[in-house]
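If you read the sequences in order, they're chains C and P.
Using this note's numbering, the letters of the first sequence correspond one by one to residues 1 to 323.
Using this note's numbering, the letters of the second sequence correspond one by one to residues 324 to 669.
What follows is a short report on a single structure.
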Amino acid sequence: MPESPSLDVALMRYARLLLIRRAEERIRLEYPRDEMKTPVHLGIGAEAIAVGLCDAAPEGTSMFGTYRNHALYLARTGDLDGFFGELYGRVTGGARGKAGSMHLSSPAQGLLATSAVVGTTIPVAVGAALAHRYRGLTAPSVGCLGDGAIEEGVFWESLNFACLKQLPVVFVCEDNGLAIHTTAAARQGFTSVTAAVSAFRCLVSDASGVDVHQVATIAAQAFAHVATMQRPAFLRFRWHRALGHVGIHEDYADGYRDAPSEAERQASDPLALCEAGLRARGVTAETLVEYDAGVTARIDAAVDRARSAPLPGADDLTTDVWA
Amino acid sequence: MTREMTYRDALAAATMDAMEADASVIVFGLDVDDHTRIFGSTAGLLERFGPARVFGTPLSEDAMTGVAIGAALSGLRPIHVHIRADFLLLGMNQIANMMAPLRYLSGGRLAVPLVIRAIIGRGWGQGAQHSKSMHGVFARLPGLKVVLPTTPQDAYGLLRTAIADPNPVLCFEHRWLYDVSGPVDPAIAVSLGTAAVRRAGSAATVVAASWMTVEALKAADVLARHGVELEVVDVRSASPLDMDTIADSVARTGHCVVADYDWTYGGLAAEVAAEVGHRCFGALKAPVERLGFAPVPCPTTRPLETLFYPSAVTIIRTVERMLALPAADLSDESFYSYESRFTGPF
Numbered sequence: 001m002p003e004s005p006s007l008d009v010a011l012m013r014y015a016r017l018l019l020i021r022r023a024e025e026r027i028r029l030e031y032p033r034d035e036m037k038t039p040v041h042l043g044i045g046a047e048a049i050a051v052g053l054c055d056a057a058p059e060g061t062s063m064f065g066t067y068r069n070h071a072l073y074l075a076r077t078g079d080l081d082g083f084f085g086e087l088y089g090r091v092t093g094g095a096r097g098k099a100g101s102m103h104l105s106s107p108a109q110g111l112l113a114t115s116a117v118v119g120t121t122i123p124v125a126v127g128a129a130l131a132h133r134y135r136g137l138t139a140p141s142v143g144c145l146g147d148g149a150i151e152e153g154v155f156w157e158s159l160n161f162a163c164l165k166q167l168p169v170v171f172v173c174e175d176n177g178l179a180i181h182t183t184a185a186a187r188q189g190f191t192s193v194t195a196a197v198s199a200f201r202c203l204v205s206d207a208s209g210v211d212v213h214q215v216a217t218i219a220a221q222a223f224a225h226v227a228t229m230q231r232p233a234f235l236r237f238r239w240h241r242a243l244g245h246v247g248i249h250e251d252y253a254d255g256y257r258d259a260p261s262e263a264e265r266q267a268s269d270p271l272a273l274c275e276a277g278l279r280a281r282g283v284t285a286e287t288l289v290e291y292d293a294g295v296t297a298r299i300d301a302a303v304d305r306a307r308s309a310p311l312p313g314a315d316d317l318t319t320d321v322w323a
Numbered sequence: 324m325t326r327e328m329t330y331r332d333a334l335a336a337a338t339m340d341a342m343e344a345d346a347s348v349i350v351f352g353l354d355v356d357d358h359t360r361i362f363g364s365t366a367g368l369l370e371r372f373g374p375a376r377v378f379g380t381p382l383s384e385d386a387m388t389g390v391a392i393g394a395a396l397s398g399l400r401p402i403h404v405h406i407r408a409d410f411l412l413l414g415m416n417q418i419a420n421m422m423a424p425l426r427y428l429s430g431g432r433l434a435v436p437l438v439i440r441a442i443i444g445r446g447w448g449q450g451a452q453h454s455k456s457m458h459g460v461f462a463r464l465p466g467l468k469v470v471l472p473t474t475p476q477d478a479y480g481l482l483r484t485a486i487a488d489p490n491p492v493l494c495f496e497h498r499w500l501y502d503v504s505g506p507v508d509p510a511i512a513v514s515l516g517t518a519a520v521r522r523a524g525s526a527a528t529v530v531a532a533s534w535m536t537v538e539a540l541k542a543a544d545v546l547a548r549h550g551v552e553l554e555v556v557d558v559r560s561a562s563p564l565d566m567d568t569i570a571d572s573v574a575r576t577g578h579c580v581v582a583d584y585d586w587t588y589g590g591l592a593a594e595v596a597a598e599v600g601h602r603c604f605g606a607l608k609a610p611v612e613r614l615g616f617a618p619v620p621c622p623t624t625r626p627l628e629t630l631f632y633p634s635a636v637t638i639i640r641t642v643e644r645m646l647a648l649p650a651a652d653l654s655d656e657s658f659y660s661y662e663s664r665f666t667g668p669f
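Written out as structure tokens, the structure reads:
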């Protein structure tokens, strides 16, 4: 078990989990208005991975993500205006609406790129690590991927090159056991990805991604290992995808997977787990309600600002193609 | 200071000079550091700059294209080299889904300053997978620049400019041009997106790309002896495309043959023909003609390969038909000189 963080740290992580959860729940409420015209891949159940990872990442870390990137974006930036602005396609979005949900980024805060094509940012993260090494920067690079990306050739190419050159890159596999609607068993001709990756010259870890403090501890150890040993790391964190692949709905009724029991649902919920930990440490329910009210008010305001922000004009169509 | 050098040496010199001038420039790709040094075009770099800046890679073109992008986002100016343009296609996801749109997707917050060099193979049985160029496919992607140098001066100048450019640039180099020798003045800057009039003439304009510029100049030599003066415009840059220079020429000659080094369907030839038709509608005295590869995969055996490629002869006959001239007697002319000289294997 991870060391217990200080109460301040635990509360800070809780606040971040809450921000992400409430933001995505707000998307589920807003989506039916049909104003937010961008395919959303919600990460309800995965929040602890992003929060723990970003909390542990050294200053200057370059990060790359997938299309299921809301948690990573908010954990990294906390920027609700940029987030909702981009989802609503407004000029207040970081990319003035040209990116949408699947390409959220914040280069100034080290989230360089995310991609809607599985596996595509993995080698890009390796390239950033190469540049960091070359330039004498100590910060590493992080490439997030889903378990589906393991089946892309580019994952193995990237892992091989990173391990060959012993680059400071951390591959983070956010493993929900599903590629859209297809289970790992129906896709993978191997029994253990971590066993396969262990054949490469890198640190390998396999853990649940539900406990934000455990994720943060593992990530911090990995970052320390990467920095001192100058070699890559591959961290697998398992999580349960509470909703469908894309969109706002639960999809257990579709029949391709079983619905979890209420106990399983609770056990796979990073927010509930973090909250229970805080309660056990004597944080009152009232305090947590105050946190919730504060986050919800911020989200209300951010959504209002986004919905009333200008849409990009014709001039925006042709800008930002060329440097 | 102007020096006489080959195209291959000009490429190596441009890379050497760029790396001297800017420590962020690195070079990688399969075989860039082996003893053959990509036909000599990366010669001397490893010795001068060491393996941190010049290194061979695993056979992982897809990932290495992504590595180039990630490095470019992070303060470097990578040059990724492919000994055949066909191998570049393994990186197509990175090129089309990341490299080209990334600046747009970032709302202008990112730039991707990198260069991909790709060699177009030909002859001695290169066949369907060692002969493609497909520059038109890349040129149509917003966010990518595409150049096709044909002279040592342009090999030097365009590569230097490409390395310095803040955008991703693909540089297509025809294998047969590597032996071409010519003057190179490193002080001459060659900007991207400018065509070059290689030969002035009044009878017809031949807009040529890559090796077809050599064929067009040969055709112009032959036709000049028959009293027909061709103007030869070397496209040099497929994106941005210098339509002003092309349209100015066609407006003067009234005739246009587009000789591309690619299939004609939907490619650079189609684009140039459409633009010329639009811009020079009133000046054209005949329909624009397009020349390119036969619409088949590239065959290996020499007689079929000869039929596959357009040539100086094709250009001559096309111009003659366009101008309603009798077919000149070419029996004393020598064509396909390079095919006879090139002995491969690669």
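Backbone N, C-alpha and C fix where the C-beta goes; we use that ideal spot for every residue, glycine too.
Closer than 7 Å to chain P by CB, residue i
i: C/G136; result: no
i: C/V154; result: yes
i: C/L130; result: yes
i: C/S101; result: no
Buried or exposed by the 16-neighbour rule on C-beta atoms within 10 Å, applied to residue i
i: P/P472; result: buried
i: P/F669; result: exposed
i: P/G667; result: exposed
i: P/G446; result: buried
i: P/L437; result: buried
i: C/L112; result: buried
i: C/G60; result: exposed
i: P/R644; result: exposed
i: P/F351; result: buried
i: C/Q230; result: exposed
i: P/P633; result: buried
i: P/E343; result: exposed
Inter-residue Cα distance where the pair is residue i and residue j
i: P/K455; j: P/L428; result: 30 Å
i: P/L266; j: P/D340; result: Given that chain P is displayed from residue 324 to residue 669, the structure contains no residue 266 of chain P and the question cannot be resolved.
i: P/T637; j: P/G615; result: 10 Å
i: C/R13; j: C/R201; result: 32 Å
i: C/V246; j: C/E30; result: 15 Å
i: C/D79; j: C/P140; result: 23 Å
i: C/I122; j: P/R331; result: 34 Å
i: P/A519; j: P/V470; result: 12 Å
i: C/T38; j: P/G524; result: 55 Å
i: P/F461; j: P/D583; result: 14 Å
i: P/L646; j: P/A606; result: 15 Å
i: C/A196; j: C/V172; result: 15 Å
i: C/D316; j: P/Q417; result: 25 Å
i: C/S261; j: C/Y134; result: 50 Å
i: P/A617; j: P/R376; result: 41 Å
i: C/A71; j: C/V289; result: 21 Å
i: C/R305; j: C/A99; result: 19 Å
i: C/H213; j: C/V142; result: 19 Å
i: P/P489; j: C/Y73; result: 26 Å
i: P/M387; j: C/W239; result: 30 Å
i: P/G393; j: C/G209; result: 27 Å
i: C/R307; j: C/I27; result: 12 Å
Reduced DSSP secondary structure (H/G/I, E/B, other) of residue i
i: C/Y156; result: The sequence given here has Trp at residue 156 of chain C, not Tyr. Three-state result, C/W156: helix.
i: P/P509; result: coil
i: P/P610; result: coil
i: P/Y661; result: helix
i: C/I44; result: coil
i: C/V210; result: coil
i: C/A179; result: strand
Any non-hydrogen atom of the ligand PLP within 6 Å of residue i CB
i: P/T568; result: The ligand PLP is absent from the structure shown, which contains no ligand whatsoever.
7 Å Cβ cutoff, residue i in contact with chain C
i: P/S429; result: yes
i: P/G466; result: yes
i: P/M421; result: yes
i: P/P489; result: yes
i: P/R440; result: no
i: P/A344; result: no
Chain P contacts made by the segment 284-306 of chain C, where a contact means CB separation under 8 Å: none
Chain-ordered residues of the segment 382-393 of chain P with a beta carbon less than 9 Å from chain C: Against chain C - using a Cβ distance shorter than 9 Å - the residues of the segment 382-393 of chain P are L382, S383, E384, D385, A386, M387, T388, G389, V390, A391, I392, G393.
Residues in the segment 34-62 of chain C having any Cβ partner in chain P nearer than 7 Å: S62
Contacting positions in the segment 357-386 of chain P - beta carbon closer than 9 Å to chain C: A375, R376, F378, T380, P381, L382, S383, E384, D385, A386
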